[in-house]
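In terms of this note's numbering, the sequence shown has 165 at position 165, counting the first letter as 1, and numbering is strictly consecutive. Where a beta carbon is used, it is the ideal one built from N, C-alpha and C, also for glycine. The next block holds one structure in the form of structure tokens; read it before the comments.
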Amino acid sequence: MSSIDEIKQRLKKNWCQFISTNSKKFSSNIIDGSSPPSIFVGQFGYPQVRIGPMIPPYHGDTSVLDRPEMWIGKSLEDIVNFRINLLKGTEVHNVNNMSGRYIESLQEMALSKKAVESIVTFKKIPSMYLNEMSLSKNESEEIPTIFSAPMSDFKIVPSTTDRKIQKNYYDDDLYASDAIIDLYDNDVAVSHISKVLSMGMLGRKKKRKLVPTKWSITAADDILSLYLLNKIKDNAILDNYLVFDFNHLANYYSVIFIPDEIWSFEMIESWIDNDGRVNIGSDYEIGKKIDHYPSIAGAYFAARLSITEYLFKKRIKASVLILREIHPEYFMPLGVWQVREGLRECLKSKAIPFETFDSALNYAISKTSLSKIEWIKNSSLIRNKKQKRISDYLR
């Protein structure tokens with residue numbers, strides 16, 4: 001396995017090659033290419049935020065560059081190389097100003113089913129900051145972009161419109177949450193739904209505004225998982241304990257499904273740095289949705305969506321505990337998509353059944369490097385389950 005420094009060096013080499021290959025285009029500050037489509041809305045300075053398109057300096061089917069649903073099985077290096085190909089143009093805009101050619105062009109991109117031919121004129125050559133790569137104690141909601149610069153002009157050639165998105169865009173009497181659910185039920189990818197929400201294209205007319213990408217991703221995951229949670233409340237209770245495990249991108253997941261009448265859900269994250277130090281965060285809900293913003297941020301909602309999708313598909317209900325262990329090789333957090341897609345993939349594998357909670361827990365923990373004591377110490381759900389059994393015994 002390559003070391004972190006070796007991967008970084010290869011990425012920097014790819015960057016140099018990318019610059020060399022496209023030197024003529026960069027020298028003119030004008031980039032033309034096929035956007036996946038991809039759009040970014042920042043949050044810093046809110047309500048005055050930086051927004052803009054992301055395009056590669058070449059043409060064709062570029063969907064893989066910004067479609068996380070296609071990234072399972074790819075390495076961290078593969079994914080960063082996808083992002084190296086995207087150049088982000090930015091312009092400062094007020095989130096409440098939904099008029100003008102610039103906003104209309106970005107919304108047309110969000111409506112598109114296929115790559116959108118685009119031309120961006122940058123004020124300066126986009127900068128790249130690979131030296132800033134480091135292990136974070138939290139997952140970033142949005143996917144990192146490597147190149148970025150202010151732009152002075154932006155033009156597109158409209159592409160094929162997604163009629164499902166268009167229908168919800170023109171229905172400005174529909175609440176945003178209902179529009180998100182409708183798109184999801186009509187098989188629009190979650191990553192695309194969050195883009196449309198981010199561009200202020202869903203919801204009642206007077207309420208529409210730009211939504212920072214980070215917030216729109218979390219909002220979509222939260223709304224959809226609560227929608228599914230409501231649909232599974234009358235399902236049959238799972239009849240035994242199930243454990244799934246999976247790893248990708250140096251993220252190790254152990255998931256325990258617990259037979260239970262009342263919904264409870266917890267995700268515990270253990271971030272391990274290069275020196276072996278551990279930073280642990282966890283969040284928990286029981287009987288109803290979480291009543292505060294999670295300490296593990298958007299990863300919580302992304303995980304809850306994957307779990308509720310599985311319960312809905314299997315027509316069961318259960319409580320769920322997720323143990324996520326992140327190793328130093330995951331040196332550049334890639335966004336909560338990898339939690340959502342990683343768990344979706346995890347739950348496609350064959351579950352291992354157990355008759356008791358302790359046996360399921362012991363197996364799940366055996367797939368991680370953290371001790372049982374540490375996991376239990378940081379888990380409200382485990383303590384609650386153990387206390388419940390003691391209470392039942394004393395009745």
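Beta-carbon proximity of Leu224 to Val211, cut-off 8 Å: Reading the sequence shown from its first residue, position 224 is the one you call residue 224. Reading the sequence shown from its first residue, position 211 is the one you call residue 211. A distance of 8 Å or more separates the beta carbons of Leu224 and Val211.
Could you say which of Val64, Ala115 and Arg50 lies nearest to Val41 if we only look at CA atoms? On the sequence shown, position 41 is the one that residue 41 refers to. Of the candidates Val64, Ala115 and Arg50, the one whose C-alpha sits nearest the C-alpha of Val41 is Arg50.
Between the region 105-112 and the region 144-159, can you find at least three pairs of beta-carbon atoms closer than 8 Å? Yes, they touch.
What's the gap between the Cα of Gln43 and the Cα of Asp187? Translated into the one-based positions of the sequence shown, residue 43 becomes position 43. Translated into the one-based positions of the sequence shown, residue 187 becomes position 187. Distance between the alpha carbons of Gln43 and Asp187: 28 Å.
Between the beta-carbon of Asp66 and the beta-carbon of Ser38, is there less than 8 Å? Counted from its first residue, the sequence shown places residue 66 at position 66. Counted from its first residue, the sequence shown places residue 38 at position 38. Taking the C-beta atoms as reference points, Ser38 is found nearer than 8 Å to Asp66.
If I'm right that Ala115 touches Thr62 with Cβ under 8 Å, what's the distance once you round it to whole angstroms? The residue you call residue 115 lines up with position 115 of the sequence shown. The residue you call residue 62 lines up with position 62 of the sequence shown. Indeed, because the Cβ distance is near 5 Å, the residues count as touching under 8 Å.
Comparing C-alpha positions only, which one of Ser99, Phe82 and Arg10 sits nearest to Arg208? Position 208 of the sequence shown holds residue 208. Measuring C-alpha to C-alpha distances from Arg208 to each of Ser99, Phe82 and Arg10 identifies Ser99 as the nearest.
Kindly indicate the opening and closing residues of the beta strand (DSSP E) around Val49. Within the sequence shown, the letter at position 49 stands for residue 49. Run containing Val49: Gln48 to Ile55, per the beta strand (DSSP E) assignment.
So for Glu77, helix, strand or coil by DSSP? As a working note, residue 77 is residue 77 in the sequence shown. In this structure, Glu77 counts as helix in the three-state DSSP scheme.
Cβ-based burial, Gly287 [other Cβ within 10 Å; buried from 16]: On the sequence shown, residue 287 is found 287 positions in, with the first residue counted as 1. When all chains shown are included, Gly287 counts as exposed.
To which residues of the same chain is Val339 closer than 6 Å at the C-beta, ignoring the five residues directly before and after it? Mapped onto the sequence shown, residue 339 falls at position 339. Same-chain partners within the cutoff: Ala299, Ala302 and Ala303.
What residue range is occupied by the uninterrupted beta strand (DSSP E) comprising Tyr175? For this step, residue 175 is matched to residue 175 along the sequence shown. Secondary structure note for Tyr175: it is in no beta strand (DSSP E), with a DSSP letter that is neither H nor E.
For Ile237, count neighbouring C-beta atoms within 10 Å of its own C-beta (all shown protein chains included) and say buried if the count is 16 or more, exposed if not. Start at 1 with the first residue of the sequence shown, and residue 237 comes out as number 237. So Ile237 ends up on the exposed side.
For Lys283 and Phe265, what's the separation of their Cα atoms in angstroms? As a working note, residue 283 is residue 283 in the sequence shown. As a working note, residue 265 is residue 265 in the sequence shown. The identity of residue 283 in the sequence shown is Asp, whereas the question assumes Lys. Spanning the alpha carbons of Asp283 and Phe265 requires a straight line of approximately 8 Å.
As a quick exercise: from Tyr46, Asp239 and Trp263, pick the residue whose alpha carbon is nearest that of Asn97. Start at 1 with the first residue of the sequence shown, and residue 97 comes out as number 97. The shortest Cα separation from Asn97 among Tyr46, Asp239 and Trp263 belongs to Tyr46.
With DSSP collapsed to three states, give me the class of Arg277. Your numbering for residue 277 matches position 277 in the sequence shown. Three-state DSSP puts Arg277 in coil, outside helix and strand.
For Phe357, does the three-state DSSP call read helix, strand or coil? What you label residue 357 is simply residue 357 of the sequence shown in a count that begins at 1. Phe357 sits in a helix when the DSSP states are folded into three classes.
Check this for me: beta carbons of Pro53 and Ser75, under 8 Å apart or not? In the sequence shown, the residue the question calls residue 53 occupies position 53. In the sequence shown, the residue the question calls residue 75 occupies position 75. Taking 8 Å as the Cβ cut-off, Pro53 and Ser75 do not qualify as a contacting pair.
Leaving out five residues before and five after Glu261 in sequence, what residues of the same chain have Cβ atoms less than 7 Å from its Cβ? To locate residue 261, count along the sequence shown from 1; it is residue 261. Excluding sequence positions up to five before and after Glu261, its CB lies within less than 7 Å of the CB of Ile237, all in the same chain and listed in chain order.
From Phe312, Glu374, Ala318 and Glu269, pick the residue whose C-alpha is nearest to that of Ile296; which is it? Working through the sequence shown from its first residue, we reach residue 296 at position 296. For Ile296, the closest C-alpha among the options Phe312, Glu374, Ala318 and Glu269 is that of Glu269.
Quick one: Cα of Arg10 to Cα of Asn94, how far? Counting from 1 along the sequence shown, the entry for residue 10 is found at position 10. Counting from 1 along the sequence shown, the entry for residue 94 is found at position 94. Cα-Cα distance, rounded: 39 Å.
If you drop the 5 nearest sequence neighbours on each side, which residues of the same chain put their C-beta closer than 8 Å to that of Ile181? Numbered from its first residue, the sequence shown carries residue 181 at position 181. Excluding sequence neighbours, Ile181 sits near Ile223, Leu224 and Tyr227.
Label Lys205 either buried or exposed according to how many other C-beta atoms from any shown protein chain fall within 10 Å of its C-beta, with 16 as the threshold for buried. The count along the sequence shown starts at 1 and reaches residue 205 at position 205. Classification of Lys205: exposed, given that the 10 Å Cβ count is below 16.
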